[in-house]
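What follows is a short report on a single structure.
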Amino acid sequence: MKLQFLGATDTVTGSKYLLQQGSSSLLVDCGLFQGYKQLRLRNWSPLPLDPARIEAVILTHAHIDHSGYLPLLARQGFKGKVYCSPATADLCSILLPDCGYLLEEEAEFLNRHKKSKHSPALPLYTRDDAQRCLRLLRPVPYRKPWQPVAGLSATLAPSGHIPGSSFVKLDNGKRSILFSGDIGRPNDLVLTPPSPMDGADYLVVESTYGDRLHESRDLLAELAAVVNRTAARGGMVLIPAFAVGRAQSLLYCLYLLKSQGLIPDLPLYLNSPMAANATQVYTRHLDELKLTAAQCQAMTHSAHFVQTPEESRQLNTRRGPMVIISASGMATGGRVLHHLKAFAPDRRNTVLFAGYQAGGTRGSSLVGGAKTVRIFGEDVPIHAEVATLDGLSAHADAAEIVHWLRGFASAPRQTFITHGEPAAADAMRQRIERELGWRCHMPYYLESVSLD
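For the sequence shown, position 45 matches number 498 in the working numbering, and the numbering has no gaps at all.
Okay, structure coming up:
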């Protein structure tokens, strides 16, 4: 087997791994680069092989940095099957068309306001491209091996990051390789913990939080404190949240706080049709949740789901205590940008980030203390309080990753550290080498290695 790293090296986005087995080629993950412009430009660069020669894709999960390149791959000639868990297939049918729509919307805005160097500005792909690629999805059950290409067996196991997220193990009878995808947390409020794995000859492991530990503070108390102090000054709380995973965890936490009388019974809005649809997916995959069907229903009924653009615009005219959860989680696009423009200049309000903010995103700038952010070609002043809520992260921290690795029956021949900023990835490397004594390597972009 031969492995090439087409993404998620020195960055937390663009996950794409090319595995060649004999004359066959497949991708594990097919994600978009996000964040810094020099990374996003890679989305426009051709892959190092003809997409028509790729026989299959296996997805670890549905987040766009792991699945969002699929519509472009299909448009470029890929005609193989895309294997994933059933929940991942359900979520991709929501996320990918929405991503195509946002790309079209961005291009249309640039053309209307003549803000692009290109004439006309074109979307990376369209909603129609995304809809067409969905026909390639082939759901497979957990823990039941199948053959994605000749001579290679594949197995999925739940990774606890979002519904459908999976560890992917591939075996050709002589050598095996395990891809962690994104590893969930052992004590998540909503999701079941990551599955124990017996290991593999080679390991590709994420390192998003490789240089830090999640603080063991009272998550619900912290969230209540933010809501209460903002409401006391007559302000609103705006929470940029990933439509899949973070939005649902926040809904559940706010439902608990309201039901226990720990925050006022203020209006709660989920302003993301994609998040609303994803929340319904949660109710169809209860086997991956810690919640009962009744708890899922209570969570969904605790908020008003905003659907139409007009309804979204009307929210910007409201004043007074309320909570709005809106995508995207790093404030890179979507309806949350309109809310930021409307609410961030007001000192009474709070912008609350509940998860990792990749470098080069508006979320990263705001958490870093930026006094203005550029939205729709304008510099918007930031006078609102900017707060963070670390405890809701859906990624295992450094200690939780090592704890999961300790369950392996034996050490891999080589561990590849990916899906982390350089400092985080290197810290993860050092920790694994020091605590487990395993051989580690931080691959560079487009590096190829032979798995002998």
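In this text, a Cβ means the ideal position worked out from N, Cα and C, and glycines have one as well.
Just so you know, these numbers come straight off a predicted model, no measurement behind them.
In its own chain, which residues sit with a C-beta less than 7 Å from the C-beta of residue i, not counting the 5 before and 5 after it?
i: Ala574; result: Ala560, Leu563, Asn564
i: Val602; result: Gln474, Ser477, Leu479, Glu508, Ala509
i: Ile716; result: Ala677, Val680, Asn681, Leu710
i: Asp651; result: Phe861, Ala862
i: Ile828; result: Leu790, Leu793, Lys794
i: Arg670; result: Gly844
i: Arg528; result: Tyr578, Asp582
Taking C-beta to C-beta, are residue i and residue j nearer than 8 Å?
i: Pro639; j: Pro649; result: no
i: Thr803; j: Thr683; result: yes
i: Met868; j: Ile885; result: First, the residue type needs correcting, since residue 868 is Thr and not Met in the sequence shown. Result yes, Cβ atoms of Thr868 and Ile885 sit closer than 8 Å.
i: Ala583; j: Gly617; result: no
i: Tyr705; j: Val621; result: no
i: Leu555; j: Gly786; result: yes
i: Asp664; j: Ala849; result: no
i: Glu675; j: Gly844; result: yes
i: Leu548; j: Ile517; result: yes
i: Phe458; j: Leu899; result: yes
i: Gly637; j: Ser619; result: no
i: Gly714; j: Pro774; result: no
i: Ile777; j: His791; result: no
i: Ala540; j: His738; result: yes
i: Tyr662; j: Ala876; result: no
i: Leu605; j: Asn625; result: yes
i: Ile615; j: Gly488; result: no
i: Ala751; j: Arg800; result: no
i: Thr462; j: Tyr897; result: yes
i: Ala607; j: Pro594; result: no
i: Thr770; j: Cys749; result: no
i: Phe632; j: Tyr470; result: yes
i: Arg887; j: Met895; result: no
i: Leu623; j: Leu472; result: yes
Report, in whole angstroms, the separation of the C-beta atoms of residue i and residue j, which I expect to be a contact under 8 Å.
i: Leu441; j: Ala700; result: Coverage of the chain is limited to positions 454 through 905, which leaves residue 441 absent and any answer about it impossible.
i: Lys534; j: Leu589; result: 6 Å
i: Tyr522; j: Arg591; result: Incorrect: roughly 18 Å between the Cβ atoms, too far for contact.
i: Leu904; j: Lys567; result: Actually they do not touch by this definition, with Cβ atoms about 50 Å apart.
i: Ala847; j: Gly782; result: Contact flag wrong, Cβ pair sits at about 10 Å.
i: Ala610; j: Ser629; result: Not really, about 13 Å apart at Cβ, beyond 8 Å.
i: Ile835; j: Leu819; result: 6 Å
i: Leu526; j: Pro550; result: Wrong, their Cβ atoms sit about 16 Å apart, outside the cutoff.
i: Cys424; j: Pro499; result: For residue 424 there is no data in the structure shown, the boundaries of the chain being 454 and 905.
Whose C-beta lies closer than 8 Å to the C-beta of residue i among residues of the same chain, with five residues either side of it excluded?
i: His519; result: Ser468, Asp482, Cys483, Gly484, Leu512, Thr513, Gly634, Asp635
i: Ala840; result: Val679, Thr803, Val804, Leu805, Phe806
i: Thr937; result: In this structure the chain extends from 454 to 905, so residue 937 is not present and cannot be described.
i: Leu889; result: Val855, Leu858, Arg859, Ala864
i: Glu557; result: Pro576, Thr579, Arg580
i: Lys743; result: Asp641, Leu642, Val643, Leu644, Thr645
i: Gln431; result: Lying outside 454 to 905, the shown extent of the chain, residue 431 is not represented and no answer is given.
i: Asp532; result: According to the sequence provided, residue 532 is Lys. The question's Asp does not apply to it. So the qualifying residues of the chain are Ala505, Leu589.
i: Glu668; result: Asp843, Gly844
i: Arg596; result: Thr608, Leu609, Ala610
Can you check DSSP and say which residues form a bridge with residue i?
i: Ala746; result: Answer is none; Ala746 lacks a bridge partner.
i: Tyr655; result: Ile630, Gln867
i: Phe458; result: Tyr470
i: Trp599; result: Ala607
i: Arg827; result: Asp832
i: Asn724; result: Ser779
i: Pro693; result: Ser779
i: Phe406; result: Since the first and last residues shown for the chain are 454 and 905, residue 406 lies out of range.
i: Ala509; result: Leu479, Lys534
i: Glu838; result: Thr803
i: Val902; result: Leu456
i: Arg591; result: Tyr536
i: Gln662; result: Checking the sequence, you will find Tyr at residue 662 rather than Gln. Paired residues: Asp850.
Take residue i and list the residues in its own chain whose beta-carbon comes closer than 6 Å to its own, dropping the five residues that flank it on each side.
i: Ala696; result: Ser725, Met727, Ala728, Ala731, Ala780
i: Ala852; result: Leu666
i: Val759; result: Tyr722, Asn724, Ser765
i: Asp543; result: Val734
i: Pro720; result: Met775
i: Glu788; result: Note that residue 788 is Arg in the sequence shown, not Glu. Taken in chain order, the residues that qualify are Asn724, Ser765, Ser779.
i: Leu768; result: none
i: Leu892; result: The question names Leu, but residue 892 in the sequence shown is Arg. So the list reads Gln867, once near-sequence residues are dropped.
i: Leu672; result: Gly844
Within the chosen definition, does the stretch 705 to 715 reach the stretch 788 to 806 through at least 3 CB pairs nearer than 8 Å?
no
On the three-pair Cβ rule with 8 Å, is the stretch 818 to 828 touching the stretch 748 to 762?
no
Would you call the stretch 485 to 498 and the stretch 804 to 815 touching, i.e. three or more CB-CB distances under 8 Å?
yes
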